[in-house]
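S.K.: Pasting a structure below so you can have a look.
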Amino acid sequence: MEELVIRDADVVDGSGADAYRADVVVDGGRIVSIVKEAAAAGCQRPEARRELDAEGLVLSPGFIDMHAHSDLALLRDPDHSAKAAQGVTLEVIGQDGLSYAPVDDRTLGEVRRAIAGWNGPGDDVDFDWRSVGEYLDRLDRGIAVNAAYLIPQGTVRALAVGWDDREATEAELEHMRRLVAEGMEQGAVGMSSGLTYTPGMYAKDAELTELCRVVASYGGYYCPHHRSYGAGALQAYEEMVELTREADCPLHLAHATMNFGVNKGKAPELLTLLDGALAAGADITLDTYPYTPGCTTLVALLPSWASEGGPDQIMKRLADDDTAERIRHHMEEIGSDGSHGVPMEWETIEISGTGDPALAEYVGRTVLESARLRGETPWTVARQLLLADRLAPTILQHVGHEENVRAIMRHRVHTGGSDGILQGAKPHPRAYGTFPHYLGHYVRELGVLPLEECVAHLTSRPAARLRLPDRGLVREGYRADLALFDPATVAAGSTYENPRVLPTGIPHVLVDGRFVMEDGRRTDVLAGRSVRRVPR
47 MEELVIRDAD
57 VVDGSGADAY
67 RADVVVDGGR
77 IVSIVKEAAA
87 AGCQRPEARR
97 ELDAEGLVLS
107 PGFIDMHAHS
117 DLALLRDPDH
127 SAKAAQGVTL
137 EVIGQDGLSY
147 APVDDRTLGE
157 VRRAIAGWNG
167 PGDDVDFDWR
177 SVGEYLDRLD
187 RGIAVNAAYL
197 IPQGTVRALA
207 VGWDDREATE
217 AELEHMRRLV
227 AEGMEQGAVG
237 MSSGLTYTPG
247 MYAKDAELTE
257 LCRVVASYGG
267 YYCPHHRSYG
277 AGALQAYEEM
287 VELTREADCP
297 LHLAHATMNF
307 GVNKGKAPEL
317 LTLLDGALAA
327 GADITLDTYP
337 YTPGCTTLVA
347 LLPSWASEGG
357 PDQIMKRLAD
367 DDTAERIRHH
377 MEEIGSDGSH
387 GVPMEWETIE
397 ISGTGDPALA
407 EYVGRTVLES
417 ARLRGETPWT
427 VARQLLLADR
437 LAPTILQHVG
447 HEENVRAIMR
457 HRVHTGGSDG
467 ILQGAKPHPR
477 AYGTFPHYLG
487 HYVRELGVLP
497 LEECVAHLTS
507 RPAARLRLPD
517 RGLVREGYRA
527 DLALFDPATV
537 AAGSTYENPR
547 VLPTGIPHVL
557 VDGRFVMEDG
567 RRTDVLAGRS
577 VRRVPR
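Spelled out as C-alpha cells, the structure:
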C-alpha cells in the first residue's frame, strides 16, 4: 500500500490550467497517481497508509526560489523555516557572482569577508569543501529544502585573477574557462555574475562571453546581476541580451527591477526590449520579488575603484581621509557605479543589520536619520559604520516603484525569486514572505495575476529554466515536492517592522514526499538535497 493519499485537494498543477479536484497519491518520493473528481464520480477512492484531508486547500508544486542567498543558512540552520514555511521546496543559490565554491584557502577567506553581510561570517560553519562538487556533496548530507547551484563568476575571477581592476591574461582566462567547466561537470546549473560587485564587475563583456560559451556548452544558463539598475538600467539589460546572444547562452535576469527615480514608469520599455529579443529567438527568463525596496550591503554602494583589491584595501581607503573624501564625492555628487550611477539619496538607505551587535542603534534607521541624531553628515555616519563593522552592514534601499513591480510580474517569462538575505536584525521581509505575498497580496487582494497563472510563475517556469524533467508540475511520476495552502488566508506574516514572522495559510509542505511542514509547524525532516544539472 502506498504511503500517502492527499484527499479532495483543489489541484493547481503548475501548468497554468484551471484547478481541478483530485485525490493525489504519493509513494517513494513521487506522485504515483492522480484520481480526478474521485468523490463526485463515485469511483473507488485510492487508499494509503496515511490520509490527509485537503478539503479547502490548494495543492500545487512546491515553489522554486530562483534567487536565494541561503548558501550558508542551509548548512547552519537545519530548521530553515524562513523558506520551508513559504512552500519553497527548491532554492537556487550561488547568486550575484559571489559564493563559496570553487575556492582555495586564500579566496575562501576573501569571499567570506566580502559577503559577510549576505551570509554572516561563517564562523559556525565547517568549510570542508573547496570545489563545486564538494559543496554539493555537503548539501547532500541533508538540508531542509532542495538547492541548485550557480557558479559565481566573481569568485572564479578572484581565484584566477584576484581582486584587481584589470583584464585577464589569456592564461587567466583559460583558468576561468576550466573552473567554469569543472563546476558545470560537477552539477552546477549555470553561472551567476554580480556586475556591480567586485571583483566580478571588472570583467569586460568579451571575458563574460567566453565564460558563457562554456556554460552553454553544458546546457546551463547565465544569471547576471547586471551593471546598473539605476541610471543605465535599460542599457545594462540590453548589454546582457546582446552578450548572451553572442555566446548562444540562455539568459535569466536576476531580480529584474527598474529602480530609482530615473526609472519610474519605465518597466514597459524593459518589457519591449525583452519582447523583441524573444521574438528574434532569444531564450530569456527573469525573476523578481514582489516588493519595492531593494536589499544589499552598504559597502556595495562604493565606487568600484574604492573596492579594488578586496576587503582589506577597502578598509585602508576608508580609513584615509583624503581617499574617503574622493569616495564621498563620487557617491554624493557624481553617482558611483556601485550605487547604479545615481547620486546618493541617504534618506533611502536604511540599515537593516550589522555584524557587531554593539552597533544595533543604527538598525531600522536611515543613514540620514542617524546623521541628524548624531549631528554629523550622512557620509561620516556611513564611513564610520563601515569601518566599525568591518564592511558587514546590510541595507534596505527604498528606491522601487509599484507600477514597475506589477508590470514585470505579469510578463510571460517571469518567475519568482526572493533575493532574501537572512542576516541582520531587520532583514528585508521578502526573505520570509515572497511567495505567500505573491499569492495573498497580488493574487487574492489585487488580482494582478490569476491564481493558476501565478503558481505557474513560481513552479513550472523556473523548473523549465533549470531543465528539471520531473519537477514543477503535479503530474504522475513527478517528484512529490508539494505545497498545500489556503487561497482564502495565505499571506506573508513578515513586515518591515517585524520581518522574521512566518506566513499564514500554508499548513503543509512536502519535500521528496516527506512533510517538512505539517499543520503549520516545521518537522525535523531534512529531505532536501542538491539538485544537479541534468546532462544534455
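Residue numbers for the sequence shown, in the working numbering: 47 to 582.
Ideal placement from N, C-alpha and C gives every residue a C-beta, glycine not left out.
Just so it is clear, the structure is predicted and the values come from calculations on it, not from any experiment.
(1) Tell whether a beta-carbon distance below 8 Å holds between ASP333 and GLY463.
(2) Contact between the stretch 263–270 and the stretch 289–297 is defined here as three or more beta-carbon pairs at a separation below 8 Å; is this criterion met?
(3) Cutting at 7 Å between CB atoms, please list the residues of its own chain near SER540, excluding the five before and the five after it.
(4) If you measure between the beta carbons of PRO336 and HIS444, is that distance less than 8 Å?
(5) Can you name the start and end residues of the alpha helix (DSSP H) that HIS272 belongs to?
(6) For TRP425, I'd like the list of residues in its chain whose CB is within less than 6 Å of its CB, leaving aside the five on either flank, ordered along the chain.
(7) State the Cα-Cα distance for the pair GLU83 and ARG521, rounded to the nearest angstrom.
(8) In terms of alpha-carbon separation, which member of ALA252, TYR243, LEU196 lies closest to ALA227?
(9) Any idea if ASP558 is buried or exposed, counting beta-carbon neighbours within 10 angstroms, 16 or more meaning buried?
(10) Starting from the Cα of SER61, find the closest Cα among ALA502, GLY551, VAL70, ARG513 and give me that residue.
(11) Mapping DSSP to helix, strand and coil, what is ALA537?
(12) If we call anything under 8 Å between Cβ atoms a contact, is SER263 one with GLY140?
(13) Determine which residues share a DSSP beta bridge with CYS341 and list them.
(14) Could you give the first and the last residue of the continuous alpha helix (DSSP H) run that contains PRO482?
(15) Which residue from ALA323, THR394, ARG224, VAL494 puts its Cα closest to that of GLY307?
(16) If you check the beta carbons only, do GLU156 and GLY356 fall under 8 Å apart?
(17) Quick one: what's got a C-beta closer than 6 Å to THR343's C-beta in the same chain, skipping five residues either side?
(18) Three-state secondary structure (DSSP) at ALA55?
(19) Quick one, which of THR244, ARG259, PRO389, ASP321 has its alpha-carbon nearest ALA160's?
(20) Going by Cα to Cα distance, which pick from ASP150, ARG96, ARG187 is closest to LEU121?
(21) For the alpha helix (DSSP H) holding VAL260, just list the boundary residues, first then last.
(22) Residue range of the alpha helix (DSSP H) that THR290 falls in?
(23) Is GLU292 a contact residue of the ligand GDP, with contact defined as CB to any heavy atom under 7 Å?
(24) Between ILE454, ARG223, MET247, LEU504, which has its C-alpha nearest GLY200's C-alpha?
(25) Name the two residues that bound the continuous alpha helix (DSSP H) containing ILE454.
(26) Enumerated in chain order, which unbroken segments of the alpha helix (DSSP H) with a length of 4 residues or greater are wholly contained in the stretch 120–161?
(27) Measure the CB-CB distance between VAL72 and GLU101 and report whether it falls below 8 Å.
(28) Which whole-angstrom value is the C-beta distance of PHE109 and VAL134, which I expect to be below 8 Å?
(29) What are the boundary residues of the alpha helix (DSSP H) that includes HIS375?
(30) Using three-state DSSP, classify VAL300 as helix, strand or coil.
(31) According to DSSP, which residues form a beta bridge with THR505?
(32) Cutting at 6 Å between CB atoms, please list the residues of its own chain near ASN165, excluding the five before and the five after it.
M.R.: In this structure, then:
(1) Between ASP333 and GLY463, the C-beta gap is smaller than 8 Å, which places the two residues in contact.
(2) Contact between the stretch 263–270 and the stretch 289–297 is present: three or more C-beta pairs spanning the two stretches fall below 8 Å.
(3) Excluding positions up to five away in sequence, the list reads PRO475, TYR478, GLY479, ARG546, VAL547.
(4) For PRO336 and HIS444, no; Cβs fall outside 8 Å.
(5) Going by DSSP, HIS272 is part of no alpha helix (DSSP H) at all; its letter is neither H nor E.
(6) ARG374, listed in sequence order.
(7) Between GLU83 and ARG521, the C-alpha separation is close to 16 Å.
(8) ALA227 has its Cα closest to that of LEU196, out of ALA252, TYR243, LEU196.
(9) Under the 10 Å beta carbon count, ASP558 is surrounded by 16 or more other beta carbons and is classified as buried.
(10) Ranking the options by Cα distance to SER61, first place goes to ALA502.
(11) Looking at ALA537 - three-state DSSP - the assignment turns out to be strand.
(12) Cβ distance not < 8 Å, so SER263 and GLY140 don't count as in contact.
(13) Answer is LEU442.
(14) Per DSSP, PRO482 belongs to the alpha helix (DSSP H) from 476–483.
(15) Residue THR394 is the option with its Cα nearest to GLY307.
(16) Yes, the pair counts as a contact, with Cβ atoms nearer than the cut-off.
(17) For THR343, where only same-chain residues beyond five positions count, the Cβ hits under 6 Å are GLY163, THR440.
(18) Here ALA55 sits in strand by DSSP.
(19) Ranking the options by Cα distance to ALA160, first place goes to THR244.
(20) For LEU121, the closest alpha carbon among the candidates ASP150, ARG96, ARG187 is that of ARG187.
(21) Segment 251–263, the alpha helix (DSSP H) holding VAL260.
(22) Run containing THR290: 279–293, per the alpha helix (DSSP H) assignment.
(23) By its list of ligands, the structure shown contains no ligand whatsoever, and the ligand GDP lies outside what it can speak to.
(24) Checked all of ILE454, ARG223, MET247, LEU504; the closest Cα to GLY200 is MET247.
(25) Taken as a continuous stretch (DSSP letters only), the alpha helix (DSSP H) holding ILE454 covers 448–455.
(26) Note on the stretch 120–161: whole alpha helix (DSSP H) runs with a minimum of 4 residues are 127–130, 151–160, in chain order.
(27) With contacts defined as CB atoms closer than 8 Å, VAL72 and GLU101 fail to qualify as a contacting pair.
(28) At roughly 5 Å, the Cβ-Cβ gap stays under 8 Å, so PHE109 and VAL134 are in contact.
(29) Counting along the chain, the unbroken alpha helix (DSSP H) around HIS375 starts and ends at 367–375.
(30) Checking the displayed sequence, the identity of residue 300 turns out to be Ala instead of Val. If DSSP states are grouped into helix, strand and coil, ALA300 belongs with coil.
(31) For THR505, DSSP records no beta bridge to any residue.
(32) These residues qualify, in order along the chain: ASP117, LEU118.
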